[in-house]
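Below is one structure, written out as structure tokens; the observations come after it.
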Ligand code: SF4
Ligand code: SF4
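In my numbering, the protein residues as written are -18 to 377.
Structure representation (structure tokens):
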């Protein structure tokens, strides 16, 4: 491959692998495909072999040329069939930072021209239209017009205490637009002084990480930071865990950054959200980027439990051991069938709890699970936590 993208820690830790195989046992891609080549242990072995071909003593003595991209493509195919869920890293007994290595590996393969061509589309869409769907960015807040009684300002104010950063999926994808509508209604009920950025919101840049294009995110980061500064805001609220994680890890920490589930928890504790009695049993799916990624496990559960009459039952694999829904790592783009099979297994696990509904806290999880449920007419409600709280507002 063409470049060194790995930290010293990554390189040293690769040799620590004991081949215990635990990472394969929890990998949603392996469980859904039954293909061991999608496992962390296989991928690490291959990466070591590639690095030896590139940098080993024989490679240097024989002055070998760079590895041709065509010969890397079969390996690359396995690398991009990963949801970046981080379950392998969580379980690895010797503490190898596998998710970090998978991200560096994607960058390495892109630099080596051995990557799925759909990555070019992500790069072009973000550079051209500033959103992953290549939609008109002026339409980012069009969902507001579908609300029952939107204010004249359409939730886009010159100044506000709080900015709600919607993210591309919730802004454009009809199934996910219920999330920003719900959060806006809750904010109105709780009297939160908030604004949207409208067309000044650009994709946070997270899809670039999964596409191995991290180096191209800086222009986006600079733009979004400046847009928030102009609003004079103190706090940014994210309903999308990927946006939240991107901001927490790659943006300067100039403002309070908080996930919507945590913000709802705060508002409920301050008695700002009037809730009515429900009679429903639900389970909670931990989104990978919010749970394992940002270690937010308790607040969403406390929000659910604070709604009177709601019974919360846990999935067999929950919190740090939660299984991915199939929506991460841009997998849907590279292998929609594999993503769908992972979603099928997730829904099966949800049905085993006996819950009437699965609540999550991520627009992409809602989209992935709902797509499976609707296509297969499964009698199950899939809701984001914002939608569930909105349904539970006292006057709704
Ligand atoms: S990040 Fe998730 S999908 Fe990727 S190899 Fe690890 S467990 Fe499998
Ligand atoms: S869990 Fe860690 S040590 Fe075990 S096979 Fe996977 S990478 Fe190697």
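Here a beta-carbon is modelled for each residue, glycine too, at the ideal position from N, C-alpha and C.
Inset, instruction - Tell me whether residue 76 is buried or exposed, calling it buried when 16 or more other Cβ atoms sit within 10 Å of its Cβ. - result: Here residue 76 is exposed: its Cβ has fewer than 16 other Cβ atoms, across all protein chains shown, within 10 Å.
Legend entry - Cβ-based neighbour list, residue 174, same chain, cut-off 7 Å, excluding 5 preceding and 5 following: The residues 141, 142 and 143, in chain order, have a CB closer than 7 Å to that of residue 174 in the same chain once the five nearest residues on each side in sequence are set aside.
Legend entry - residue 237 - partner residues in DSSP beta bridges: Paired residue(s): 216.
Inset, instruction - Please indicate yes or no: does the CB of residue 82 lie closer than 6 Å to some heavy atom of ligand 2? - result: For ligand 2, no non-hydrogen atom lies closer than 6 Å to the CB of residue 82.
Legend entry - Inter-residue spacing [alpha-carbon to alpha-carbon] between residue 58 and residue 324: Cα to Cα, the separation comes out at about 20 Å.
Legend entry - Option nearest residue -2 by Cα separation, candidates 333, 28 and 371: Ranking the options by Cα distance to residue -2, first place goes to 28.
Inset, instruction - Count the other C-beta atoms from every protein chain shown that fall within 10 angstroms of the C-beta of residue -16, then say buried if there are 16 or more, exposed otherwise. - result: Here the model assigns residue -16 a pLDDT of 45, short of 50, so the residue's position is not dependable and the matter cannot be decided.
Inset, instruction - Name, in chain order, the residues that DSSP records as bridge partners for residue 338. - result: In DSSP, residue 338 forms a bridge with 263 and 362.
Inset, instruction - Just the C-alpha distance for residue 132 and residue 177, rounded to the nearest angstrom, thanks. - result: Between residue 132 and residue 177, the C-alpha separation is close to 13 Å.
Inset, instruction - With a 10 Å radius around its C-beta and 16 neighbouring C-beta atoms as the bar for buried, classify residue 85 as buried or exposed. - result: Flag for residue 85 reads buried.
Inset, instruction - Would you kindly work out how many angstroms separate the C-alpha atoms of residue 137 and residue 295, rounded to a whole number? - result: In this structure, the CA atom of residue 137 is about 38 Å from the CA atom of residue 295.
Legend entry - Cβ-heavy atom distance, residue 3 to ligand 2, below 6 Å: Residue 3 has its CB nearer than 6 Å to a heavy atom of ligand 2.
Inset, instruction - State buried or exposed for residue 246, treating a residue as buried only when at least 16 other CB atoms are found within 10 Å of its CB. - result: Residue 246 is buried by the Cβ-count criterion.
Inset, instruction - Output the boundary residues of the beta strand (DSSP E) element that contains residue 146. - result: Residue 146 -> beta strand (DSSP E) spans 143 to 146.
Legend entry - Whole-angstrom distance between residue 206 and residue 195, CA atom to CA atom: Rounded to the nearest angstrom, the two C-alpha atoms are 17 Å apart.
Inset, instruction - With a threshold of 6 Å, establish whether the CB of residue 0 neighbours any heavy atom of ligand 2. - result: Yes, since a heavy atom of ligand 2 falls inside the 6 Å radius drawn around the Cβ of residue 0.
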